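Inspection log for the structure reproduced underneath, given as structure tokens.
Here it is in structure tokens:
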């Protein structure tokens, strides 16, 4: 839910910090959960509707990409669990680890969100990308499961509070709607043929030192 100018968001419980799932030990158990698809989990300031219908205001110091099991920490001491729902994805498998690495390179070259595991890569369904990967020898199958793509290098780590700056570049995660726009073909074969269509005459002007009379001399 996006904030409206007419919304009195001050009445909502405020979450000004979060805790990663790996650091959740010792934190209060969630009193409720927010079910968010992968692109909805990239947020900074937004009103979320929880499973029980209650609404909270997320008000973080900087954008962050949350994952399944992370906790939002409310100012009143309660926590809200983040749940990644099932999404329609492709499971990409390779012949061997080297082949999987090559497939990951091609996927990354198109700036696609991807969950990279030891034996497989999970991406959102896109028939153009599916055909490309199959052409590269991958085994691509349809699946419905939670999608937890890799976070960027600056997505925030550990137990983050509102006063701690965790630098995440908020790109809006529009890859879900722009996946076709990033198909850069299979290579960037920029062959720079510098054919300028003109001649560079390095002979000094007539009368200047070093001038040589020859076929490129233009004076009469």
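Residue numbers (UniProt numbering): 1 to 220.
We put the CB at the ideal spot given by N, CA and C, even for glycine.
These numbers were taken from a predicted model, which means no experiment stands behind them.
#1: Run through the DSSP bridge pairs and tell me what residue 73 is partnered with.
#2: Counting beta carbon pairs with one atom in the segment 87-101 and one in the segment 114-122, are three or more of them shorter than 8 Å?
#3: Give me the Cα-Cα distance between residue 78 and residue 17, rounded to the nearest whole angstrom.
#4: Roughly how many whole angstroms lie between the Cα atoms of residue 11 and residue 141?
#5: Per DSSP, which one or two residues make a beta bridge with residue 226?
#6: Check the C-beta distance from residue 41 over to residue 65 and give it rounded, since I have them as a contact under 8 Å.
#7: Within 10 angstroms of its Cβ, does residue 67 collect 16 or more other Cβ (buried), or is it exposed?
#8: Rank 135, 115 and 71 by C-alpha distance to the C-alpha of residue 150 and give the top, closest one.
#9: Residue range of the alpha helix (DSSP H) that residue 99 falls in?
#10: Going by beta-carbon coordinates alone, are residue 14 and residue 59 separated by less than 8 Å?
#11: Have a look at residue 43 and residue 132 and give me their C-alpha separation to the nearest angstrom.
#12: On the premise that residue 138 lies in contact with residue 103, defined as a C-beta separation below 8 Å, what is that separation, rounded to the nearest angstrom?
#13: Give me the Cα-Cα distance between residue 80 and residue 9, rounded to the nearest whole angstrom.
#14: For residue 57 versus residue 47, is the C-beta spacing smaller than 8 Å?
#15: Go ahead and label residue 222 buried or exposed: buried means 16 or more other beta carbons lie within 10 angstroms of its beta carbon, across all protein chains shown.
#16: Quick one: Cα of residue 28 to Cα of residue 88, how far?
#17: So, for residue 75: in the same chain, excluding its five sequence neighbours on each side, which residues have a beta-carbon less than 8 Å away from its beta-carbon?
#18: Could you give the residue range of the beta strand (DSSP E) that holds residue 45?
#19: Residue range of the beta strand (DSSP E) that residue 145 falls in?
#20: Can you give me the Cβ contacts of residue 69 inside the same chain, cut-off strictly under 6 Å, excluding the 5 residues immediately before and after it?
On the basis of the coordinates in this document:
#1: Locating residue 73 in the chain shown gives position 73, counting from the first residue. Beta-bridge pairing links residue 73 to 17 and 79.
#2: Touching, yes.
#3: Here residue 78 refers to the residue found at position 78 when the chain shown is read from its first residue. Here residue 17 refers to the residue found at position 17 when the chain shown is read from its first residue. Distance between the alpha carbons of residue 78 and residue 17 is about 11 Å.
#4: Indexing the chain shown from 1 puts residue 11 at position 11. Indexing the chain shown from 1 puts residue 141 at position 141. Using only the alpha carbons, I get a separation of about 46 Å.
#5: This structure leaves residue 226 out entirely; the chain is present only between 1 and 220.
#6: Against the chain shown, residue 41 aligns to sequence position 41. Against the chain shown, residue 65 aligns to sequence position 65. About 6 Å separates the two Cβ atoms, so the contact holds.
#7: Here residue 67 corresponds to residue number 67 of the chain shown, with the count starting at 1. So residue 67 ends up on the buried side.
#8: For the purposes of this step, residue 150 is taken as the residue at position 150 of the chain shown. Measuring from the Cα of residue 150, the nearest candidate turns out to be 115.
#9: Against the chain shown, residue 99 aligns to sequence position 99. For residue 99, the enclosing alpha helix (DSSP H) covers residues 97-109.
#10: Within the chain shown, the letter at position 14 stands for residue 14. Within the chain shown, the letter at position 59 stands for residue 59. In this structure, residue 59 lies closer than 8 Å to residue 14 by Cβ.
#11: For the purposes of this step, residue 43 is identified with residue 43 of the chain shown, where counting begins at 1. For the purposes of this step, residue 132 is identified with residue 132 of the chain shown, where counting begins at 1. Spanning the two alpha carbons is a distance of roughly 31 Å.
#12: Counting from 1 along the chain shown, the entry for residue 103 is found at position 103. Counting from 1 along the chain shown, the entry for residue 138 is found at position 138. Contact flag correct, Cβ pair sits at about 5 Å.
#13: Position 80 of the chain shown, counted from the first residue, corresponds to residue 80. Position 9 of the chain shown, counted from the first residue, corresponds to residue 9. Rounded to the nearest angstrom, the two C-alpha atoms are 18 Å apart.
#14: Counted from its first residue, the chain shown places residue 57 at position 57. Counted from its first residue, the chain shown places residue 47 at position 47. Against a cut-off of 8 Å, the Cβ pair of residue 47 and residue 57 comes out as a contact.
#15: Not covered by the structure: residue 222. The range shown for the chain is 1 to 220.
#16: Start at 1 with the first residue of the chain shown, and residue 28 comes out as number 28. Start at 1 with the first residue of the chain shown, and residue 88 comes out as number 88. For residue 28 and residue 88, the distance between alpha carbons rounds to 32 Å.
#17: Locating residue 75 in the chain shown gives position 75, counting from the first residue. Once the five neighbours on either side are set aside, the close Cβ partners of residue 75 are 13, 14, 15 and 16.
#18: Within the chain shown, residue 45 is the residue found at index 45, counting from 1. Boundaries of the beta strand (DSSP E) harbouring residue 45: 42-49, taken from the DSSP string.
#19: As a first step, residue 145 must be located in the chain shown, where it is residue number 145. First-last of the beta strand (DSSP E) with residue 145: 139-146.
#20: Numbered from its first residue, the chain shown carries residue 69 at position 69. Cβ neighbours of residue 69 beyond the five flanking positions: 21.
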